[in-house]
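Protein chains in written order, with numbering that gives the first Met the number 0: chain A, 0 to 368; chain B, 0 to 368.
Only one structure is covered here, and it is reproduced in the block below.
2 protein chains.
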Amino acid sequence: MTASAAGARQFLQLPGSFELRRGGVLERPVLAYETWGQLSPERDNAIVLFTGLSPSAHAASSPGDLSPGWWEEMLGPQRPIDTDRFFVVCVNSLGSCFGSTGPSSDNPSSNALYAIDFPVLSLEDIANASLPVLDALGIDRVFAAIGCSMGGMTALAFAALHPARCGRLISVSSAARAAPFAIALRSLQREMVRRDPDWQDGRYPAGAGPITGMRMARKLGMITYRSAQEWVQRFGRERVAAEHGANDPFCIDFEVESYLEAHALKFTGAFDANCYLFLSRAMDLFDIADYGGSVASGVGRTALDEALVIGVGSDILFPLWQQRELADALGATGCDVSFEALDSIQGHDSFLVDMDRFRPVIGSWLANR
Amino acid sequence: MTASAAGARQFLQLPGSFELRRGGVLERPVLAYETWGQLSPERDNAIVLFTGLSPSAHAASSPGDLSPGWWEEMLGPQRPIDTDRFFVVCVNSLGSCFGSTGPSSDNPSSNALYAIDFPVLSLEDIANASLPVLDALGIDRVFAAIGCSMGGMTALAFAALHPARCGRLISVSSAARAAPFAIALRSLQREMVRRDPDWQDGRYPAGAGPITGMRMARKLGMITYRSAQEWVQRFGRERVAAEHGANDPFCIDFEVESYLEAHALKFTGAFDANCYLFLSRAMDLFDIADYGGSVASGVGRTALDEALVIGVGSDILFPLWQQRELADALGATGCDVSFEALDSIQGHDSFLVDMDRFRPVIGSWLANR
Chain A
0 MTASAAGARQ
10 FLQLPGSFEL
20 RRGGVLERPV
30 LAYETWGQLS
40 PERDNAIVLF
50 TGLSPSAHAA
60 SSPGDLSPGW
70 WEEMLGPQRP
80 IDTDRFFVVC
90 VNSLGSCFGS
100 TGPSSDNPSS
110 NALYAIDFPV
120 LSLEDIANAS
130 LPVLDALGID
140 RVFAAIGCSM
150 GGMTALAFAA
160 LHPARCGRLI
170 SVSSAARAAP
180 FAIALRSLQR
190 EMVRRDPDWQ
200 DGRYPAGAGP
210 ITGMRMARKL
220 GMITYRSAQE
230 WVQRFGRERV
240 AAEHGANDPF
250 CIDFEVESYL
260 EAHALKFTGA
270 FDANCYLFLS
280 RAMDLFDIAD
290 YGGSVASGVG
300 RTALDEALVI
310 GVGSDILFPL
320 WQQRELADAL
330 GATGCDVSFE
340 ALDSIQGHDS
350 FLVDMDRFRP
360 VIGSWLANR
Chain B
0 MTASAAGARQ
10 FLQLPGSFEL
20 RRGGVLERPV
30 LAYETWGQLS
40 PERDNAIVLF
50 TGLSPSAHAA
60 SSPGDLSPGW
70 WEEMLGPQRP
80 IDTDRFFVVC
90 VNSLGSCFGS
100 TGPSSDNPSS
110 NALYAIDFPV
120 LSLEDIANAS
130 LPVLDALGID
140 RVFAAIGCSM
150 GGMTALAFAA
160 LHPARCGRLI
170 SVSSAARAAP
180 FAIALRSLQR
190 EMVRRDPDWQ
200 DGRYPAGAGP
210 ITGMRMARKL
220 GMITYRSAQE
230 WVQRFGRERV
240 AAEHGANDPF
250 CIDFEVESYL
260 EAHALKFTGA
270 FDANCYLFLS
280 RAMDLFDIAD
290 YGGSVASGVG
300 RTALDEALVI
310 GVGSDILFPL
320 WQQRELADAL
330 GATGCDVSFE
340 ALDSIQGHDS
350 FLVDMDRFRP
360 VIGSWLANR
């Protein structure tokens with residue numbers, strides 16, 4: 000294995016073939032990751048953090064990279080995931096485009112982009128790809144796996160596939176399987192990307208790609224990441240300034256339209272379209288019931304001491320009943336489960352923005368262990 | 000005015016200019032409509048029915064057109080809206096494409112399609128366009144205006160703009176104003192249509208148009224018209240047969256994807272894209288608070304004796320709090336309001352499919368008057 004680093008970001012290249020769950024093989028894939036804190040001499044204070052679809056491994060700032068991370072307020076010295084106590088590892092998902100091997104990487108066998116020829120990706124592959132990183136860091140068993148959204152599914156897969164290596168689970172706004180409403184939304188998002196002529200059947204050149212499709216997919220994402228209640232309070236029926244194209248009957252007119260446009264523009268340059276497609280599809284495919292035929296049997300493969308399952312009532316993408324299903328199934332394994340249903344109105348994204356509600360729940364749960 | 004008919008569908012051409020609320024003018028527009036039952040000698044048994052975005056005036060079968068209408072089980076002899084008692088008129092919305100003048104009609108001044116040059120449409124215009132039809136039928140005042148979804152907003156506009164002509168209101172899964180969540184969804188649907196290269200900036204030839212954009216917009220429509228709960232029961236994680244393109248990693252795989260595809264294909268040939276854009280935008284623009292500055296003041300312009308407001312808990316597009324807001328505002332006018340929150344799990348579309356719940360509510364309310 001070859002290790003290297005760039006700022007806080009470290010890279011591990013696997014020496015041989017990495018087999019994917021659905022039959023594909025990646026030759027010498029690279030995993031990008033960041034760490035915070037110090038591994039204890041007993042090697043019993045490690046936390047592995049799995050991300051949602053779009054974030055990088057940069058969950059928080061550190062001496063090597065002072066820029067704020069995607070969970071900056073949650074992770075650091077004296078923060079809820081206290082890096083004075085824990086050694087935290089966040090791996091950029093296999094299939095993503097922030098340093099780990101994915102569809103936007105070169106296939107070392109052909110020296111061309113994987114693009115649409117990337118093998119079918121599953122969340123189990125993302126979980127398995129974190130193992131060599133943990134091995135390289137000397138971590139046999141993590142104190143806890145933590146995952147948000149897609150990352151919660153990945154963390155559950157990690158705990159089910161490698162029960163001896165995972166002591167605890169914190170699942171944040173996630174689920175034991177993809178539900179049809181979320182599948183429908185993601186399927187449509189993928190169609191928006193694929194129908195953009197600039198997708199070019201997945202063969203767009205590096206740096207180019209389906210900007211329009213990605214922008215629309217991101218807008219649908221934002222619509223499902225927040226909540227109707229929040230937007231009533233935040234935007235109501237406020238209009239933008241009239242200068243936005245008075246001669247176009249379908250110009251951006253309402254504040255909520257302008258907000259979506261701004262978010263979509265920010266995203267499109269930042270995330271590779273094919274990576275988006277493969278990760279989105281991996282979420283649809285995930286079902287812990289693949290292991291033994293039911294959610295109970297799949298969750299039953301874990302050997303967790305304790306778990307914390309957090310959900311939000313206003314989340315339409317990973318609704319509360321899915322967190323309850325997961326918490327109930329974990330409880331049935333004999334694991335000590337804490338279930339928290341939070342009142343945040345910011346929907347699925349609450350774990351990124353409603354920090355006043357999330358910080359104390361995660362902080363006190365970890366502090367009491 | 001010129002009257003004509005084709006089967007059950009009748010046409011009324013206005014003789015002069017029809018002024019729209021936002022400043023445009025239509026020359027000699029045509030209104031298509033259907034009627035059921037007989038106007039009483041006292042002319043006091045008329046009901047005007049306003050439709051959602053996509054239906055035609057064919058709400059139910061009749062001797063002139065035996066095909067089932069979009070509200071077949073609700074409307075007819077001995078049905079909840081009993082045409083042995085009531086004389087029912089349903090007008091195809093101005094701006095639609097089922098006989099009434101809209102963007103897919105020829106502009107008589109130029110003999111070219113209106114297309115994107117159609118004036119900005121509002122729901123008030125649709126309400127006002129029904130007046131000449133009622134006049135031609137000898138109806139001074141309707142027993143009730145009934146509207147579903149967009150049609151409920153139109154019915155409210157009718158009651159507020161013409162209080163002397165409207166005795167009662169039945170609002171079904173509708174609202175007093177468009178909320179930002181629904182605006183965001185419709186704005187994105189319009190963007191899908193407009194970004195399709197075949198939209199051709201709205202100048203596509205008659206019979207052609209943005210098939211892909213319309214198909215995706217319809218899929219998003221279907222996702223928001225139903226509910227996550229229904230789909231868990233109906234589809235779960237069922238897969239379609241493997242023959243659907245095993246070599247495409249993003250082929251239709253889950254039943255829910257196949258369902259959306261089938262619905263989308265059915266819609267795209269049937270509805271003109273520019274009509275869709277103008278009607279969709281008219282919904283966003285609707286706000287009864289435009290009249291006097293608040294929902295209370297706008298609703299206060301009605302002079303209704305009685306109203307029935309029906310909503311469904313699983314509706315994410317016109318959520319229950321919007322029905323409550325409307326019912327409360329109507330109650331504050333001194334109107335006798337019945338408010339029904341139904342337990343249907345089929346979301347916004349429940350009024351079209353969960354007839355066992357809707358029939359008795361509407362039937363008994365009318366029967367008791």
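Glycine included, C-beta positions come from ideal geometry on N, C-alpha and C.
The model shown is predicted, which means the values in this text are computed figures rather than measured ones.
Assign leucine 19 of chain A to buried or exposed, taking buried as 16 or more other Cβ atoms, counted over all protein chains shown, within 10 Å of its Cβ. Position 20 of the first sequence holds residue 19 of chain A. Counting Cβ neighbours within 10 Å, leucine 19 of chain A comes out buried, since at least 16 surround it.
Tell me the residue span of the beta strand (DSSP E) that contains tyrosine 275 of chain A. Here the question's residue 275 of chain A lines up with position 276 in the first sequence. Unbroken run through tyrosine 275 of chain A is the alpha helix (DSSP H), 272 to 284; no beta strand (DSSP E).
Pick helix, strand or coil for serine 343 of chain A, following the three-state DSSP scheme.
For the purposes of this step, residue 343 of chain A is taken as the residue at position 344 of the first sequence. Coil, per DSSP.
- prompt: According to DSSP, which residues form a beta bridge with leucine 11 of chain B?
  reply: Translated into positions along the second sequence, residue 11 of chain B becomes position 12. In the DSSP output, where bridge partners are listed per residue, leucine 11 of chain B has B:Ala2, B:Leu30.
TODO: Counting only runs of 3+ residues fully inside the stretch 133 to 160 of chain A, write out the beta strand (DSSP E) ranges in chain order.
DONE: 143 to 147
- request: Consult DSSP for arginine 238 of chain B and reduce its assignment to one of helix, strand or coil.
  value: As a first step, residue 238 of chain B must be located in the second sequence, where it is residue number 239. In the structure shown, arginine 238 of chain B sits in a strand (DSSP, three-state: E or B).
request  = Indicate whether the contact test is met: 3 or more Cβ pairs, each with one atom in the stretch 9 to 16 of chain A and one in the stretch 130 to 149 of chain A, closer than 8 Å.
outcome  = yes
* Using a Cβ-Cβ cut-off of 8 Å, state whether leucine 219 of chain B counts as contacting chain A. => Position 220 of the second sequence, counted from the start, is the residue given in the question as residue 219 of chain B. Yes, its Cβ sits closer than 8 Å to a Cβ of chain A.
Alpha-carbon to alpha-carbon, alanine 340 of chain B and glycine 312 of chain B:
The sequence position of residue 312 of chain B within the second sequence is 313, counting from 1. The sequence position of residue 340 of chain B within the second sequence is 341, counting from 1. For glycine 312 of chain B and alanine 340 of chain B, the distance between alpha carbons rounds to 7 Å.
For histidine 57 of chain B and aspartate 293 of chain A, the rounded distance between their alpha carbons
Locating residue 293 of chain A in the first sequence gives position 294, counting from the first residue. Locating residue 57 of chain B in the second sequence gives position 58, counting from the first residue. Here the sequence assigns serine to residue 293 of chain A, which means aspartate is not the residue at that position. When rounded, the distance between both Cα atoms is 47 Å.
Close beta carbons around valine 352 of chain B, own chain, < 6 Å, minus the five adjacent residues each side: Working through the second sequence from its first residue, we reach residue 352 of chain B at position 353. Excluding positions up to five away in sequence, the list reads Gln345.
Mapping DSSP to helix, strand and coil, what is phenylalanine 117 of chain A?
Mapped onto the first sequence, residue 117 of chain A falls at position 118. If DSSP states are grouped into helix, strand and coil, phenylalanine 117 of chain A belongs with coil.
* **Under 8 Å from the C-beta of threonine 211 of chain B: neighbouring residues of chain A** => Here residue 211 of chain B corresponds to residue number 212 of the second sequence, with the count starting at 1. Those are Arg194, listed as they occur along chain A.
Proximity winner among A:His347, A:Thr301, A:Leu187, relative to alanine 331 of chain A (alpha-carbon distances): The residue labelled residue 331 of chain A in the question sits at position 332 within the first sequence. Checked all of A:His347, A:Thr301, A:Leu187; the closest Cα to alanine 331 of chain A is A:Thr301.
Legend entry - Of the residues A:Gly137, A:Ala174, A:Asp139, the one placed nearest alanine 154 of chain A, counting alpha carbons only: For the purposes of this step, residue 154 of chain A is identified with residue 155 of the first sequence, where counting begins at 1. Here the closest residue by C-alpha is A:Ala174.
Does the Cβ-Cβ distance between cysteine 334 of chain A and leucine 303 of chain A come in under 8 Å? On the first sequence, position 335 is the one that residue 334 of chain A refers to. On the first sequence, position 304 is the one that residue 303 of chain A refers to. Yes, these two residues count as a Cβ contact at 8 Å.
Interface residues of chain A around leucine 276 of chain B at Cβ under 9 Å? For the purposes of this step, residue 276 of chain B is taken as residue 277 along the second sequence, with counting starting at 1. Per Cβ cutoff of 9 Å: Pro248, Phe249.
| message | My output table needs one value for asparagine 127 of chain B: the three-state DSSP class, helix, strand or coil. | response | The residue labelled residue 127 of chain B in the question sits at position 128 within the second sequence. Helix.
Simplified DSSP assignment, three categories, for phenylalanine 86 of chain A:
As a position in the first sequence, residue 86 of chain A is number 87, starting the count at 1. Phenylalanine 86 of chain A: strand per DSSP, three-state reduction.
Checklist line | Touch test, the stretch 83 to 93 of chain B against the stretch 165 to 181 of chain B, Cβ-Cβ under 8 Å, three pairs minimum | finding: no
inquiry  = Can you list, in chain order, the residues of its chain with a C-beta nearer than 6 Å to that of glutamate 242 of chain A? Leave out the 5 residues immediately preceding and following it.
reply    = On the first sequence, residue 242 of chain A is found 243 positions in, with the first residue counted as 1. Only weak support exists for where glutamate 242 of chain A lies, its pLDDT of 49 falling under 50; the coordinates are left without a value.
task: Find the residues of chain B that neighbour isoleucine 145 of chain A, judging by a C-beta separation of less than 8 Å, and give them in chain order.
output: On the first sequence, residue 145 of chain A is found 146 positions in, with the first residue counted as 1. Per Cβ cutoff of 8 Å: no residues; isoleucine 145 of chain A is ~26 Å from chain B at best.
Worksheet item: Under a three-way DSSP split, which group does aspartate 195 of chain B fall into?
Response: As a first step, residue 195 of chain B must be located in the second sequence, where it is residue number 196. It is coil, neither helix nor strand.
Is there a C-beta anywhere in chain B that falls below 8 Å from the one on tryptophan 198 of chain A?
Locating residue 198 of chain A in the first sequence gives position 199, where the first residue counts as 1. Chain B contact via Cβ: absent.
query: From serine 108 of chain A to aspartate 116 of chain A, what distance separates their C-alpha atoms?
result: Along the first sequence, read from residue 1 onward, the residue named residue 108 of chain A stands at position 109. Along the first sequence, read from residue 1 onward, the residue named residue 116 of chain A stands at position 117. Taking the straight line joining both Cα atoms gives about 12 Å.
- Is it true that the CB of isoleucine 169 of chain A sits closer than 8 Å to the CB of tryptophan 145 of chain A? In the first sequence, the residue the question calls residue 145 of chain A occupies position 146. In the first sequence, the residue the question calls residue 169 of chain A occupies position 170. A small correction: the amino acid at residue 145 of chain A is isoleucine; tryptophan does not occupy that position in the sequence shown. Yes, these two residues count as a Cβ contact at 8 Å.
**OP:** Please go through the same chain and pick out, in chain order, the residues whose beta-carbon is closer than 8 Å to the beta-carbon of valine 298 of chain B, but skip the five residues on each side of it.
**Re:** To locate residue 298 of chain B, count along the second sequence from 1; it is residue 299. Excluding residues within five positions, the ones whose Cβ falls inside 8 Å are Leu155, Ala159, Ala175, Ile287, Leu325, Ala328, Leu329, Ala331, Thr332.
### Task
State the Cα-Cα distance for the pair arginine 167 of chain B and isoleucine 80 of chain A, rounded to the nearest angstrom.
Within the second sequence, residue 167 of chain B is the residue found at index 168, counting from 1. Within the first sequence, residue 80 of chain A is the residue found at index 81, counting from 1. Computed Cα separation, rounded: 59 Å.
Around the Cβ of leucine 30 of chain A, are there at least 16 other Cβ atoms within 10 angstroms (buried) or fewer (exposed)? For this step, residue 30 of chain A is matched to residue 31 along the first sequence. With 16 or more other Cβ atoms within 10 Å, it is buried.
* Asked: Measuring CA to CA, which of B:Gly310, B:Asp200, B:Ile309, B:Thr223 is closest to isoleucine 315 of chain A?
  -> Residue numbering aside, residue 315 of chain A sits at position 316 when the first sequence is read from its first letter. Isoleucine 315 of chain A has its Cα closest to that of B:Thr223, out of B:Gly310, B:Asp200, B:Ile309, B:Thr223.
If you draw a straight line from the alpha carbon of histidine 262 of chain B to that of glutamate 41 of chain A, how long is it in whole angstroms?
In the second sequence, counting from the first residue as 1, residue 262 of chain B sits at position 263. In the first sequence, counting from the first residue as 1, residue 41 of chain A sits at position 42. Each residue's alpha carbon lies about 59 Å from the other.
- prompt: For aspartate 252 of chain A, is the classification buried or exposed, using 16 other Cβ atoms within 10 angstroms of its Cβ as the cut-off for buried?
  reply: Within the first sequence, residue 252 of chain A is the residue found at index 253, counting from 1. Per the 10 Å Cβ criterion, buried.
- Query: Roughly how many whole angstroms lie between the Cα atoms of glutamine 228 of chain A and methionine 282 of chain A?
  - Reply: As a position in the first sequence, residue 228 of chain A is number 229, starting the count at 1. As a position in the first sequence, residue 282 of chain A is number 283, starting the count at 1. Cα to Cα, the separation comes out at about 26 Å.
When A:Gln199, A:Gly151, A:Arg225 are compared against leucine 184 of chain B, the one with the closest alpha-carbon:
Reading the second sequence from its first residue, position 185 is the one you call residue 184 of chain B. Considering only alpha carbons, the answer is A:Arg225.
Discussion item. Restricting to Cα atoms, I'd like to know which of A:Phe157, A:Leu278, A:Leu365 is closest to tyrosine 369 of chain A.
Written reply: Here chain A has residues from 0 to 368 only, and residue 369 of chain A is not among them.
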